[in-house]
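Following: one structure in structure tokens, then a few remarks.
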Amino acid sequence: MRGYELDAEGLGDVVPGMIAGGVNPQLCKGTSHRLAHHLHRMAVSYGGDILEAREVVRVLVEDGVARGVQLADGAQVLARRFVASSLDPQTTFLQLVGPEHLDAGFARRVSGYEYSAVSPILSVNLSLREPPRYRAAEREPAVARSFMIIAGLECSADLDDLYDACRAGELPRRLFMNGACPTIHDPTQAPPGSHTAFMWPLVPYDLKDGGPTRWDAIKEAVMGCYLERWRQYAPNLTPANILHAFTNSPLDIERHVPNMRGGDWMVGALNTQQMYDRRPLPELARHRTPIDRLYLCGSCCHPGGNITGAPGYNAAGIIAADLGMDPWWHPHDIEALWGELR
């Protein structure tokens, strides 16, 4: 779950964290896009400027210090105090900073940062007249109000087969999916009387037959296979019920968000080599970088992907400390929190 490579060794400590996280799940009212728009308005209301569709092509470095950024149109935005990058480490350092400003060993370690072959997804998105009606709800009525639905995996061997197929660049033999019908819990995500639903099957990014670009030719047919599989569990997903369907392949996801290399929505594999104080690299785990006044604040940092705000929150605390600022938020006393678990 949540992008962890479940067959990797040393992940036993993830289990209690996942159990605790499942106690208080949250859904962003009006979709996560609305969250982004609210954050935009908040930044502007406090005096910030946001430049949209202005690609950054270079971090300006002088004497080992980040001085600002250069945009694709040649314009420069100079930084009075710091530069923060939410991009993956390869893009940040090897592309935007440039190897000429980096120690060769550090550049080599950055280039070795890994992305998961088993976390890319193919999204199956539906606009519906009525929500999915699952056969299982006849036996377990709570299924009708469940948020996350997991279908297609019957035993641990099925998960092993899924991982083997993804790593081999093959479509899974047993079609697995997980997803939700958000409008059951938040009707604002669709027009009145309608619903939305999605599934996120795990699939390979780099296909054995044709590579990543092969997805452009087959994604609609693959979506049809998963939709038919979904219909086995929810028979009312008929053409009469489906108002619209569309899909995004792992390649589409990478194109839309280049930060998600290989369609990896966690922005880097979550394994014992790239977790906690080793994410993305041990020397970058506290958000500071070898370039003075340049910080990392994105999902390549702890705790990884998902819409949590946690990497940015952690980075903000470090940046505020380095600038000698008292944070206007109220960080938790971690030792006190842990003490409550006794």
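Here this note's numbering is used: the first residue of the sequence shown is 777, the next is one more, and so on.
Don't be surprised by glycine CBs; every beta carbon is placed ideally from N, CA and C.
Here the structure is a predicted model, which is why all the values come from computation and not from measurement.
Exposure label - residue i; buried when at least 16 CB within 10 Å
i            : result
residue 1104 : exposed
residue 1023 : buried
residue 1052 : exposed
residue 995  : buried
residue 892  : buried
residue 801  : exposed
residue 1030 : buried
residue 1025 : buried
residue 1095 : buried
residue 889  : buried
residue 933  : exposed
residue 1099 : exposed
residue 1037 : buried
residue 795  : exposed
residue 1034 : exposed
residue 793  : exposed
residue 993  : exposed
residue 880  : exposed
residue 1056 : buried
residue 967  : exposed
residue 941  : buried
residue 824  : exposed
residue 897  : buried
residue 829  : exposed
residue 999  : buried
residue 938  : buried
Strand pairing of residue i, partner residues [DSSP]
i            : result
residue 972  : 903
residue 800  : DSSP, once it has assigned bridges, lists no residue as partnering residue 800.
residue 836  : 844
residue 927  : 953
residue 1050 : Residue 1050 pairs with nothing; no bridge assigned.
residue 1037 : BP columns for residue 1037 are empty, so no partner.
residue 852  : 846
residue 1064 : 1071
residue 815  : For residue 815, which the question treats as bridged, DSSP gives no partner whatsoever.
residue 780  : 1046
residue 978  : 897
Contact test: residue i Cβ vs the ligand NAD heavy atom, cutoff 7 Å
i           : result
residue 970 : This structure does not include the ligand NAD; it has no bound ligands of any sort.
Expected contact under 8 Å - CB spacing of residue i and residue j to nearest Å
i            : j            : result
residue 1042 : residue 895  : 6 Å
residue 980  : residue 930  : Residue 980 to residue 930, Cβ: 21 Å. No contact.
residue 1087 : residue 1074 : 6 Å
residue 1046 : residue 780  : 5 Å
residue 906  : residue 971  : 6 Å
residue 1084 : residue 787  : With a Cβ gap of about 19 Å, residue 1084 and residue 787 do not count as contacting.
residue 827  : residue 961  : Going by Cβ atoms, the distance from residue 827 to residue 961 rounds to 35 Å, so no, they are not a contact pair.
residue 1063 : residue 1090 : 7 Å
residue 909  : residue 1010 : 6 Å
residue 1027 : residue 1039 : 7 Å
residue 835  : residue 782  : Actually they do not touch by this definition, with Cβ atoms about 36 Å apart.
residue 1060 : residue 865  : 7 Å
residue 806  : residue 964  : 5 Å
residue 877  : residue 837  : 5 Å
residue 944  : residue 984  : 6 Å
message = Please give the ranges of any beta strand (DSSP E) in the segment 998–1029, keeping only runs that are unbroken, at least 3 residues long and fully inside the region.
response = 1018–1024
query = Are the segment 846–856 and the segment 803–821 in contact at 8 Å, needing three or more beta carbon pairs?
reply = no
task = Tell me the start and end of each unbroken beta strand (DSSP E) in the segment 858–892 that is at least 3 residues and wholly inside, in chain order.
result = 859–861
request  = Taking 8 Å as the threshold, find out whether the segment 898–909 comes into contact with the segment 960–977 through three or more Cβ pairs.
outcome  = yes
query = Pairing CB atoms from the segment 829–842 with CB atoms from the segment 1053–1072, are three or more of them under 8 Å?
reply = yes
task = Tell me, please, whether the segment 916–923 touches the segment 882–892 by the rule of three or more beta-carbon pairs shorter than 8 Å.
result = no
request  = Report yes or no: do three or more beta-carbon pairs, one from the segment 983–990 and one from the segment 861–880, lie closer than 8 Å?
outcome  = no
task = Spell out a yes or no on whether the segment 1000–1010 and the segment 945–964 are touching, meaning 3 or more CB-CB pairs, one atom from each, closer than 8 Å.
result = yes
key: Start-end ranges of the alpha helix (DSSP H) lying completely within the segment 1079–1103, minimum 4 residues   = 1086–1098
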